[in-house]
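**Student:** In full-length UniProt numbering, the protein residues as written are 1 to 39.
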Amino acid sequence: MSTYLVCRLFAEMWLLILLVYRLLKILSFFMKSIRLFFL
């Protein structure tokens, strides 16, 4: 039971990390676009 909970926790953390990574990529892309637009 405990190992199952640990595995689930790791899966949740991994999904959260992937989501944050994707958001950061999108954010950096927007920053580049805005910079190019204003320059």
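For each residue, glycine too, the CB sits at the ideal point set by N, CA and C.
Where does LEU19 fall in DSSP's three states?
**Tutor:** Looking at LEU19 - three-state DSSP - the assignment turns out to be helix.
**Student:** Helix, strand or coil for LEU5, going by three-state DSSP, please let me know.
**Tutor:** Of the three classes helix, strand and coil, the one that applies to LEU5 here is helix, per DSSP.
**Student:** Mapping DSSP to helix, strand and coil, what is LEU27?
**Tutor:** LEU27 falls in the helix class under three-state DSSP.
**Student:** Tell me whether LEU36 sits in a helix, a strand or coil according to DSSP, three-state version.
**Tutor:** The answer is helix: DSSP assigns LEU36 an H, G or I state.
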